[in-house]
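Everything on this sheet refers to the single structure shown next.
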Amino acid sequence: MTERQPAEGVREKDRPWLMRTYAGHSTAEASNELYRRNLAKGQTGLSVAFDLPTQTGYDSDHILARGEVGRVGVPIAHVGDMRRLFQDIPLEQMNTSMTINATAMWLLALYQVVAEEQGADITKLQGTTQNDIVKEYLSRGTHVFPPGPSLRLTTDMIAYTVSHIPKWNPINICSYHLQEAGATPVQEIAYAMSTAIAVLDAVRDSGQVPQERMGDVVARISFFVNAGVRFVEEMCKMRAFGRIWDRITRERYGIENPKQRRFRYGVQVNSLGLTEAQPENNVQRIVLEMLAVTLSKDARARAVQLPAWNEALGLPRPWDQQWSLRIQQVLAYESDLLEYEDIFEGSKVIEAKVEQLVEASFAEIDRIQEMGGAMAAVESGYLKSQLVASHAERRGRIESGQEKIIGVNMFEGTEPNPLTADLDTAIQTVDPAVEARVIASLQQWRDSRYQPPFNHPRPCKALERLKEAARGNENLMEATLECARAGATTGEWAGALREVFGEFRAPTGVSSAPVAVPVEEGSTLALVRRKVDLTAKDLGVGKLRFLVGKPGLDGHSNGAEQIAVRARDAGFEVVYQGIRLTPEQIVDAALAEDVHAVGLSILSGSHAQLVPDVLERLRVAGATDIPVIAGGIIPNGDAEQLRQAGVAAVFTPKDFDITGIIGRIVDEIRKANKLDPLEVPA
């Protein structure tokens, strides 16, 4: 049998991209085992998911951490946890991506200290800290400090790594969550580039990096993007991204070396489009989305991580993550994709679409610059309101059937699904006892960190040194490393900076979002609005009042915002205070505002603890006539338990008809107040 000859025009195979799986849960020990197993399966980089307390600068025993410990990532409270996370994994040989933002400096310090303990040469460390705070204000919600101090932390990290860890990407400007929050391709490009401009301007103006080294700074900035199912448009978006970055870095910052100007990006393909209905369809969605960022050699991702088919149902299992890794491996090793030069070169269709995206993106970038840049556009609420409006328009298109989603608003009939026949085993579950074990371990660390075998110095001096540095203008990285070596905890480090910098509550974008679904005579929304008006009249109030609450640390506020906007458009007076509230704060607000219903949105899995807490507090306050509605990624078994606990209704991603949900909430208000059902359809 003769060996296959290379086809004419075929070149030596291109090197595959880094293949990662976003992973981490429960404990450092469990996550370490998972990482070593994934590396043995052929994964070529690590991508660390941290739990929400770690991301928001709280220790596991903080009141806001309740129900969140180890849920959406691994809890890392101190250098001992980081040691366990990377035990038997040589960091000098790894390429590690850490999805961490507000506390990025702290986690990088812990990583460096553990690498030093392993005997690594830190100048050889390779990896990425996401460290993009702008998108946290807009979409992900794990911000801690105000924009100014946050930008300083980012600037200090960049300056430090350029000098000390030159192969590290200190910031990974992340447009991924912007698309998840409803951004169009133009908004995704423009907002990410505006963030990059804000960061580069801050580094240049800080005086920490001489002008002749700005090329090194630009060369270490990477991007983390999203790719949706419209894969031709998404592929053109990536080519546009590269073209715009090249122009900005050359014209604004004078970077002459084309290698330094190269647009370097990794990708996690779209999770927003993954469906709970017929979840097996998510596999082909993921494949199409991966093609968007791999087909075009001149704009190919350097690292790819794929979600799992069942992410809309709950936490994927190791087998589900393996399936997503195998999707990448089949494309890279079985197909001929990597044997060719750019297959879109010379395409008039592609070139026209790319130019259209470039032109529209620069127009939006210029608009943001006129406002004073990305940070000013965050503080004014402009960027957030634009995203909320875009997302509302998309939801409206889905509900009207204009945007078609297989299994959701068309071809809804299905054969029984063997993958989800037993939903309790179709997703990974986190043992509720994990939280208690993590807290006990943290308390033991606090009690014994000064003693053998650790012998850390007491952290008080290091934390005071950090506060002193924060009050001045010196680079904060050295003081942070001192805290890490002293055995300080995540909550202690962030708490010290909170004392100096304060905290920030980002604009919600709800009040300024325009009406996305018009209230036309005879429309479903008009009928629901009539139900709202009639119920308010029956209760003898001017308007029905609806509180939308985000208990715990889950910052994914897109769903809550869309419910709030539609309730407003249906005639409710909406009370929405944003993210990161305790059950006590939510109940206090419900009583103070005299609301007629409470809606709780949680996607992180903490619903099992936090929702019953809200119910119990309302009961103690004698407010049992206020129905509580829950929404989020809530498995069937959990949903049934919530209903038994007294929740009036549970909505999950399969319930895409927001107007219908608002109608159901009105029904529950009537039922709770012993009013007869209305004959008005909805």
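The numbering used here numbers the first residue of the sequence shown as 45 and each following residue consecutively.
Just so you know, even glycine gets a beta-carbon here, dropped at the ideal spot from N, CA and C.
Item                                                                                                                                                                                   : Value
Could you tell me the alpha carbon to alpha carbon distance between LEU83 and ARG370, rounded to whole angstroms?                                                                      : 13 Å
Quick one, are the C-beta atoms of ALA234 and ILE409 less than 9 Å apart?                                                                                                              : yes
Taking its Cβ as the centre, do 16 or more other Cβ atoms sit within 10 Å of ILE412, making it buried, or is it exposed?                                                               : buried
Quick check on THR46: does DSSP put it in helix, strand or coil?                                                                                                                       : Bear in mind that a pLDDT of 44 at THR46, under 50, signals an unreliable position, so the number given afterwards is only what the model happens to contain. In this structure, THR46 counts as coil in the three-state DSSP scheme.
Inspect the beta-carbon positions of ILE215 and ASN175 and report whether they are closer than 9 Å.                                                                                    : yes
Looking at VAL672: is its Cβ nearer than 9 Å to the Cβ of ALA608?                                                                                                                      : no
Using the Cβ count rule (16 or more neighbours within 10 Å means buried), how would you classify ALA726?                                                                               : Unreliable positioning characterises ALA726 in this predicted model, as indicated by a pLDDT of 43, which lies under 50. The coordinate reading is nonetheless provided below. So ALA726 ends up on the buried side.
Considering only the beta carbon of each residue, do LEU96 and GLU112 sit closer than 9 Å?                                                                                             : yes
Less than 8 Å between the CB atoms is what I'm expecting for PRO627 and PRO679, so what's the real figure, rounded?                                                                    : That belief does not hold up - the Cβ atoms of PRO627 and PRO679 are roughly 21 Å apart, past 8 Å.
Sorted by chain position, which residues of the same chain lie with C-beta nearer than 7 Å to ASN717's C-beta, five sequence neighbours on each side aside?                            : LEU583, ASP669
Can you give me the Cβ contacts of THR533 inside the same chain, cut-off strictly under 6 Å, excluding the 5 residues immediately before and after it?                                 : ASP103, ALA121, HIS122
Given THR100, which residues of its chain have a CB within under 7 Å of its CB, disregarding the five upstream and five downstream residues?                                           : ALA146, THR186, VAL188, LEU597
How is the beta strand (DSSP E) around ASN139 delimited, first residue to last?                                                                                                        : 139-143
Cutting at 8 Å between CB atoms, please list the residues of its own chain near ALA159, excluding the five before and the five after it.                                               : LEU135, GLU136, ILE166, LEU169
For SER645, name the three-state secondary structure that DSSP assigns.                                                                                                                : strand
In whole angstroms, what separates the C-alpha of SER207 from that of MET279?                                                                                                          : 35 Å
Please work out which residues of its chain come closer than 7 Å, Cβ to Cβ, to ALA72, disregarding the five sequence neighbours upstream and downstream, and give them in chain order. : VAL118, ILE120, ASP125, ARG128, LEU129
Is ALA636 buried or exposed, if buried means 16 or more other CB atoms sit within 10 Å of its CB?                                                                                      : exposed
Below 9 Å between beta carbons: does that hold for VAL422 and ALA530?                                                                                                                  : no
Could I get the ranges of all uninterrupted alpha helix (DSSP H) runs contained in the region 388-415, with 4 residues as the minimum, in chain order?                                 : 392-414
Quick check on ILE265: does DSSP put it in helix, strand or coil?                                                                                                                      : strand
Measuring CB atoms only, is the region 236-253 touching the region 363-378, in the sense that at least three cross pairs come out at less than 8 Å?                                    : no
Can you tell me the Cα-Cα spacing of ALA148 and CYS218, whole angstroms?                                                                                                               : 14 Å
What do you get for TYR34, buried or exposed, if any count of 16 or more other CB atoms within 10 angstroms of its CB means buried?                                                    : Beyond the ends of the chain as shown, which are 45 and 726, falls residue 34; an answer cannot be given.
Please tell me whether VAL432 and GLN606 are closer than 9 Å, where the distance is taken between their beta carbons.                                                                  : yes
Would a C-beta distance cut-off of 9 Å place ALA514 and PRO302 closer than the cut-off?                                                                                                : no
Under the rule that 16 or more other beta-carbon atoms within 10 Å means buried, what is PHE455, buried or exposed?                                                                    : exposed
Return the residue from the list LEU151, LEU154, VAL261, THR239 that minimises the CA-CA distance to ILE202.                                                                           : VAL261
In angstroms with no decimal places, state the Cα-to-Cα distance between MET45 and GLU378.                                                                                             : Confidence at MET45 is low in this model, with a pLDDT of 44, below 50, so its placement is unreliable and no value can be given for it.
Which same chain residues end up closer than 7 Å to CYS527 when comparing Cβ atoms and leaving out the 5 residues on each side of it in sequence?                                      : PRO503, ALA506, LEU507, LEU510, TRP537
Quick one: what does DSSP say THR293 is sitting in, helix, strand or coil?                                                                                                             : helix
Thinking just about the alpha-carbon of each residue, which of GLN87, ASP468, ARG110 is nearest to the one in ALA480?                                                                  : ARG110
Taking C-beta to C-beta, are ASN325 and PRO351 nearer than 9 Å?                                                                                                                        : no
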